[in-house]
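**Q**
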Amino acid sequence: MYPRVIVSIFTCTLIAACNSDTTEDTTFALESSCDLEAVNLLDFEAWQREEGWWVGEYTFLGSDGNPNVSSRWPYRYDHYKGFIHLEVVGNSIKQRNVFLYPPKLAQDCSSDTDVIGPGICGTNGNEKIFSADQSASDCNGGLAGSYEAYGMMVDTSTTLMGEDSVLYQVYLPDGSIMQNQLTTLPPNDTRVRTAQGFFMDQPTYASFYREKKVTKGEFMQQLADARAEYAILEEDFCGYDSGGQPSQVTCTEHFGVDITK
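Sequential numbering of the sequence shown, starting at 1, is according to full-length UniProt numbering.
This is the structure:
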């Protein structure tokens, strides 16, 4: 009797230990066997849908829930436009954006010089560029990367949530959340993004972006039309970075291809 009990206890102990160890070892093995360089992001439906040329209508709200007002960027955030190129190459994604802002309403101008650059307040809009590069962080379509914002480097993490949803998160250097963004990708060349912004754990903004995938030719035409609609001066094309400082690059240098029409 005793030998059987001892054997039984010993066997169960081994099984429990082996199950625990096997789970840990398997997890480690999966992680360690994941060759990030061999990941092809286009194997994932969500990234197939994301890749391409996008045009969008945007609304950006401040912490009070009203359209954002910025003294550093004196243009309207209630309804503006975005033009984005997402290029997927192997295990990496390259994103290049230009955002177009309409001029302030004339009654909101404190002076004609309440602008950035050579334009006139109430007459000329303006535009900013933004860049973000990410590479595979796992073999499940996840991404990681970093970019400069407000004079510091922030880390990004992207997680696929099935074929039609993507969670994008940005973290400050201290590890606190800076942005949570959910992207929904129906199978009809539509993309909707909503983001929540934070600083020191306090809400700072929210956004609502509605986008449509187009051809490169349509992208170029709609970009030209929006620039004309907002009376953006040619010298301001791609002229400012996300912080409102001179970008010191041309649109061709920013996008890597000629997007002028």
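Even for Gly, the Cβ is constructed at its ideal location relative to N, Cα and C.
Taking the straight line between their C-alpha atoms, what separation do you get for H85 and N97?
**A** Here residue 85 refers to the residue found at position 85 of the sequence shown. Here residue 97 refers to the residue found at position 97 of the sequence shown. Those two C-alpha atoms are separated by around 6 Å.
**Q** Mapping DSSP to helix, strand and coil, what is T156?
**A** By 1-based counting over the sequence shown, the position of residue 156 is 156. In this structure, T156 counts as strand in the three-state DSSP scheme.
**Q** So, at 7 Å on beta carbons, what are the nonlocal neighbours of A224 in its own chain, with the 5 sequence-adjacent residues on each side left out?
**A** On the sequence shown, position 224 is the one that residue 224 refers to. Same-chain partners within the cutoff: K261.
**Q** By the three-class DSSP mapping on this structure, what secondary structure does H254 have?
**A** Mapped onto the sequence shown, residue 254 falls at position 254. Here H254 sits in helix by DSSP.
**Q** Put K212 into one of helix, strand or coil per three-state DSSP.
**A** Start at 1 with the first residue of the sequence shown, and residue 212 comes out as number 212. K212: strand per DSSP, three-state reduction.
**Q** Spatial neighbours of S242 within its chain, please: CB distance less than 8 Å, with the 5 preceding and 5 following residues excluded, ordered by chain position.
**A** Residue 242 sits at position 242 when you count from the first residue of the sequence shown. Here the set comprises K128, I129, F130 and A149.
**Q** If I'm right that P102 touches Y205 with Cβ under 8 Å, what's the distance once you round it to whole angstroms?
**A** Position 102 of the sequence shown, counted from the start, is the residue given in the question as residue 102. Position 205 of the sequence shown, counted from the start, is the residue given in the question as residue 205. P102 to Y205, Cβ: 19 Å. No contact.
**Q** M1 by DSSP, collapsed to three states: which one?
**A** Indexing the sequence shown from 1 puts residue 1 at position 1. Low confidence applies here, because M1 scores a pLDDT of 45, under 50, leaving its location unreliable; read the following figure in that light. Three-state DSSP puts M1 in coil, outside helix and strand.
**Q** If we call anything under 7 Å between Cβ atoms a contact, is S157 one with A144?
**A** Position 157 of the sequence shown, counting from 1, holds the residue named residue 157. Position 144 of the sequence shown, counting from 1, holds the residue named residue 144. Contact flag set, yes.
**Q** Considering only their Cβ atoms, is the gap separating R210 from G62 smaller than 7 Å?
**A** Taking the sequence shown and counting its residues from 1, one reaches residue 62 at position 62. Taking the sequence shown and counting its residues from 1, one reaches residue 210 at position 210. Taking 7 Å as the Cβ cut-off, G62 and R210 do not qualify as a contacting pair.
**Q** According to DSSP, simplified to helix, strand and coil, what is S247?
**A** One-based indexing of the sequence shown puts residue 247 at position 247. Correct three-state label for S247: coil.
**Q** So, at 6 Å on beta carbons, what are the nonlocal neighbours of D258 in its own chain, with the 5 sequence-adjacent residues on each side left out?
**A** Translated into the one-based positions of the sequence shown, residue 258 becomes position 258. Cβ neighbours of D258 beyond the five flanking positions: T252.
**Q** How is L86 classed by DSSP in three states: helix, strand or coil?
**A** Along the sequence shown, one-based indexing puts residue 86 at 86. Strand, per DSSP.
**Q** Checking 7 Å against the spacing of the C-beta atoms, do K104 and G119 come in under that value?
**A** As a working mapping, residue 104 is identified with position 104 in the sequence shown. As a working mapping, residue 119 is identified with position 119 in the sequence shown. Not in contact: K104 and G119 (Cβ atoms no closer than 7 Å).
**Q** Count the other CB atoms within 10 Å of the CB of M161; is the residue buried (16 or more) or exposed (fewer)?
**A** Residue mapping note: residue 161 aligns to position 161 of the sequence shown, counting from 1. Exposed, by the Cβ-count rule.
**Q** How many whole angstroms separate the CB atoms of E51 and E163, which I take to be in contact at a CB cut-off of 8 Å?
**A** As a first step, residue 51 is located in the sequence shown; it is residue number 51 there, counting from the start. As a first step, residue 163 is located in the sequence shown; it is residue number 163 there, counting from the start. So it is not a contact: roughly 14 Å between Cβ atoms.
**Q** Whole angstroms is fine: what's the gap from W47's alpha carbon to V39's?
**A** In the sequence shown, the residue the question calls residue 47 occupies position 47. In the sequence shown, the residue the question calls residue 39 occupies position 39. Computed Cα separation, rounded: 12 Å.
**Q** Could you check which residue in Q179, D236, R76 and I232 has the C-alpha nearest to that of P203?
**A** Residue 203 sits at position 203 when you count from the first residue of the sequence shown. Residue Q179 is the option with its Cα nearest to P203.
**Q** Rank R191, T59, G151 and Y147 by C-alpha distance to the C-alpha of Q245 and give the top, closest one.
**A** Within the sequence shown, residue 245 is the residue found at index 245, counting from 1. The shortest Cα separation from Q245 among R191, T59, G151 and Y147 belongs to G151.
**Q** Whole angstroms are fine: how far does the CA of Q221 sit from the CA of R193?
**A** For the purposes of this step, residue 193 is taken as residue 193 along the sequence shown, with counting starting at 1. For the purposes of this step, residue 221 is taken as residue 221 along the sequence shown, with counting starting at 1. Their backbone Cα atoms lie some 23 Å apart in a straight line.
**Q** Nearest-angstrom Cα distance between I177 and F219?
**A** Taking the sequence shown and counting its residues from 1, the one referred to as residue 177 is at position 177. Taking the sequence shown and counting its residues from 1, the one referred to as residue 219 is at position 219. Cα to Cα, the separation comes out at about 33 Å.
**Q** Please give me, in chain order, every unbroken run of the beta strand (DSSP E) with length at least 3 that falls completely inside the region 64-150.
**A** Here the runs fully enclosed are 80-89, 92-101, 126-136 and 143-149.
**Q** Alpha carbon to alpha carbon, what distance is there between G239 and G256?
**A** Counting from one through the sequence shown, the residue named residue 256 turns up at place 256. Counting from one through the sequence shown, the residue named residue 239 turns up at place 239. Their backbone Cα atoms lie some 15 Å apart in a straight line.
**Q** I need the boundaries of the alpha helix (DSSP H) containing E50, first residue and last residue.
**A** As a working note, residue 50 is residue 50 in the sequence shown. It spans E45 to E50 - the alpha helix (DSSP H) in which E50 sits, taken as one unbroken run.
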